[in-house]
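Chains A and B supply the protein sequences, listed in that same order.
So for the first sequence, this note's numbering puts the first residue at 1; every next one is plus one.
So for the second sequence, this note's numbering puts the first residue at 1001; every next one is plus one.
Idealized CB from N, CA, C, for every residue including glycine.
Number of protein chains: 2
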Amino acid sequence: MATNRKLRKISDSTIHRLSIYYRALLALEKEGYDTISSKELAKREKLTPAQVRKDLSFFGSFGTRGLGYPVKQLMQEIAEILGINRAWNVALIGVGNVGSALVSYKEFAKQGFVIRLIFDNDQRKIGSNHKGIIVSDVADMASLIPEHNISIAVITVPGSAAQKVCDGVIESGVRAILNFAPVNLRVPNDVFLRNENMAIELEHLSFSLRNQEPMIAE
Amino acid sequence: MATNRKLRKISDSTIHRLSIYYRALLALEKEGYDTISSKELAKREKLTPAQVRKDLSFFGSFGTRGLGYPVKQLMQEIAEILGINRAWNVALIGVGNVGSALVSYKEFAKQGFVIRLIFDNDQRKIGSNHKGIIVSDVADMASLIPEHNISIAVITVPGSAAQKVCDGVIESGVRAILNFAPVNLRVPNDVFLRNENMAIELEHLSFSLRNQEPMIAE
DNA sequence: TAACGATTGTGAAACCATTCACAAATATGA
DNA sequence: TCATATTTGTGAATGGTTTCACAATCGTTA
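Listed below in structure tokens is the structure:
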């Protein structure tokens, strides 16, 4: 059981790596491993053994000295820590290119994130069927979102509309948002916001390429 | 001019924020601002004034004491630092749901990232036209990528195929990769890799929701 | 059952990023 | 032209994350 220890300030990086460990363990299980050492796990993910152990130690002690961590069990522990050992109802707002792609994205549902509602403000899209889900009018968010017990909203509308949509979903009671629009959304302190901004990632690559040669001057 | 100072170890966070500043400045310019203080800029992006100044100071001194930073000029400086004051040729590998969405994504080209080539291994897709670009066979990467002067590869193939595709584009001379496949790619040290993994972001949200109440036990 | 090798869990040390605080520089208004 | 208010740029202080290093523990083998 994922223990309730004093899990006060867990850093974003640690949570991020937990996701990475989880994927690694999935692969290890498939490959037939029963146990895995922090050393081996770290090597696979280009991390350090100490980091793996420290990350896990925030949540409990899951390993056996001299042996390592039990693959299956650790997977379950991490799933529980991350909250992915259950289903979350998701609403998708905006059925443009990105939105449509996400509806068909299988990894989504595999991890327990189930798209229950799809919204758009385009009359031509409202009522249409996307993978079995009828597109609703954004105007109906306030009633539909609580009704369907939605925990997470995924925003895939154009940047210009994003803040308004964001305010709307929060109004409807959503407290976790994944934003694909290329803008910085403003949310209250009790709302969790994550951004997926491919322009920023490309700019990072562009920076790296431009500064390839360490550029030591002066 | 973006100066060539001793820009040795710039942290990822700083580069990330540079992208954020750039977007903020775009908006400020539209709103008619000529200058902006670190205080104001920080307030808009929920950062601290000191952070803004420190970030910028790694690259030069662009402000005027008592006044602030000139909006237009600072934008250009950052564009130069990030390397987005020019065009980069991009190849897209994999025309599934995500790949198709990216081809139509306008922000892409706006920032100077121009998709020149599209690859797939599905015979039914090869030869088809996506927004004016004919889909090529992945088997032809080795010749086409150098020919078209591609700097960045965007990988949108299923996880199972991603590592092989990754090895292929590196073989063809690409040194910057944006990976959408939900796997940890292995690349040599001189290749820049960024990951866009929406499952991980969702898991982060899931973690936050699950631990909403600080969970102080023991 | 005892001895050995392996590996965890974790304080302490080292490292890195952020914030503080203030001198230096500039704009502005009298 | 001078005094005042503002804001930058940056060393120093702080706070946070990663790595180190080792005692504690366990499996294995003789």
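Distance between beta carbons of residue j and residue i, contact taken as under 8 Å
i, j, result
"GLU196 (chain A)", "LEU185 (chain A)", "Not quite, the Cβ-Cβ distance comes to about 12 Å (not below 8 Å), so this is no contact."
"SER206 (chain A)", "GLY1083 (chain B)", "4 Å"
"ALA1087 (chain B)", "VAL1052 (chain B)", "Not quite, the Cβ-Cβ distance comes to about 28 Å (not below 8 Å), so this is no contact."
"ALA1199 (chain B)", "GLN111 (chain A)", "6 Å"
"LEU102 (chain A)", "VAL165 (chain A)", "Wrong, their Cβ atoms sit about 15 Å apart, outside the cutoff."
"ALA24 (chain A)", "GLU45 (chain A)", "6 Å"
"HIS16 (chain A)", "ARG1194 (chain B)", "Actually they are not in contact, since the Cβ atoms of HIS16 (chain A) and ARG1194 (chain B) sit about 14 Å apart, beyond 8 Å."
Sequence-distant residues of the same chain with beta carbon closer than 7 Å to residue i, five excluded per side
i, result
"ALA63 (chain A)", "Looking at the sequence provided, one finds Gly at residue 63 (chain A) rather than Ala. The residues are TYR69."
"GLY99 (chain A)", "LEU92, THR156"
"VAL1095 (chain B)", "ILE1118, ASP1120, LYS1125, HIS1130, VAL1135"
"ASP12 (chain A)", "none"
"PRO1214 (chain B)", "Confidence is the limiting factor: at PRO1214 (chain B) the pLDDT is only 42, short of 50, which leaves the residue's position unreliable, though a coordinate-based value still follows. Cβ neighbours of PRO1214 (chain B) beyond the five flanking positions: none."
"LEU144 (chain A)", "LEU117, SER136"
"ALA1217 (chain B)", "Residue confidence for ALA1217 (chain B) is low, a pLDDT of 35 falling below 50, so the modelled location carries little weight; the figure read from the coordinates is stated next. Result list for ALA1217 (chain B): empty, nothing under 7 Å."
"PRO1146 (chain B)", "SER1172, GLY1173"
"ARG65 (chain A)", "none"
"ALA257 (chain A)", "With chain A running from 1 to 218 in the structure shown, residue 257 (chain A) is simply not present."
Closest by C-alpha distance to residue i, when choosing among the options
i, options, result
"ASN211 (chain A)", "B:ALA1042, B:ILE1115, B:SER1136, B:ARG1175", "B:ARG1175"
"PHE1108 (chain B)", "B:ASN1089, B:ARG1053, B:LYS1125, B:ILE1126", "B:ASN1089"
"ALA1219 (chain B)", "B:SER1172, B:ALA1181, B:SER1151", "Because chain B spans 1001 through 1218 in this model, residue 1219 (chain B) falls outside it and cannot be assessed."
"PRO188 (chain A)", "A:ILE170, A:ASN97, A:SER143", "A:ILE170"
"PHE1192 (chain B)", "A:PHE192, A:LEU193, A:VAL191, A:LEU202", "A:LEU202"
"GLY1132 (chain B)", "B:SER1104, B:GLU1029, B:TYR1033, B:LYS1030", "B:SER1104"
"LEU74 (chain A)", "A:SER208, A:PRO146, A:ARG116, A:ILE36", "A:ILE36"
"ASP167 (chain A)", "A:ARG44, A:MET141, A:LYS46", "A:MET141"
"GLY32 (chain A)", "A:ARG65, A:LYS72, A:LEU144, A:SER208", "A:LYS72"
"ASP34 (chain A)", "A:ILE145, A:LEU67, A:LYS106", "A:LEU67"
"LYS39 (chain A)", "A:ALA181, A:LYS30, A:TYR21", "A:TYR21"
"ASP190 (chain A)", "B:ALA1181, B:ASP1190, B:SER1208", "B:SER1208"
"ALA181 (chain A)", "B:LYS1106, B:GLU1029, B:ALA1050", "B:LYS1106"
Chain A residues whose Cβ lies nearer than 9 Å to that of residue i
i, result
"ASN1097 (chain B)", "SER100, ALA101, LEU102, VAL103, SER104, TYR105"
"ASN1184 (chain B)", "ILE20, ARG23, ALA24, ARG44, GLU45, LYS46"
Chain B residues whose Cβ lies nearer than 8 Å to that of residue i
i, result
"LEU178 (chain A)", "MET1198, GLU1201, LEU1202, LEU1205"
"GLN111 (chain A)", "ALA1199, LEU1202, GLU1203"
"SER150 (chain A)", "Looking at the sequence shown, residue 150 (chain A) is not Ser but Ile. Near ILE150 (chain A) there are no residues of chain B at all, since even the closest Cβ is about 12 Å away, more than 8 Å."
Within chain A, the residues that residue i reaches when beta carbons sit closer than 7 Å
i, result
"LEU1082 (chain B)", "GLU203, SER206, PHE207"
"ILE1015 (chain B)", "HIS204, PHE207"
"SER1019 (chain B)", "ILE200, GLU203"
"PHE1058 (chain B)", "Simply none; closest approach about 12 Å."
"ARG1194 (chain B)", "GLU201, HIS204, LEU205"
Neighbourhood of residue i by C-beta, 8 Å cutoff - its chain only, sequence neighbours within 5 removed
i, result
"LEU18 (chain A)", "ASP55, ILE78, ILE81, LEU82"
"ASP137 (chain A)", "PHE119, ASP120, ASN121, ILE126"
"ILE152 (chain A)", "TRP88, ASN89, VAL90, ALA91, PHE113, VAL174, ALA176, ILE177, LEU178"
"GLU29 (chain A)", "VAL71, LYS72, MET75"
"GLN1123 (chain B)", "none"
Per-residue contacts from residue i into chain A (C-beta, under 8 Å)
i, result
"ARG1175 (chain B)", "LEU209, GLN212"
Own chain residues within Cβ distance below 6 Å of residue i, not counting five before or after
i, result
"VAL1183 (chain B)", "GLY1159, ALA1162"
"THR1048 (chain B)", "ALA1042"
"ASN149 (chain A)", "ASN89"
"ASN85 (chain A)", "ALA79"
Practice item. Just list the beta strand (DSSP E) runs in the segment 53 to 116 of chain A, keeping only unbroken ones of 3 residues or longer that don't cross its boundaries, in chain order. Key: 88 to 93
**Study point:** Length at least 3, wholly inside the segment 1164 to 1212 of chain B: the beta strand (DSSP E) runs in chain order
**Key:** 1176 to 1179, 1192 to 1195
Exercise for review: Run through the segment 4 to 35 of chain A for me and flag every whole beta strand (DSSP E) of 3 or more residues, listed as ranges in chain order.
Suggested key: none
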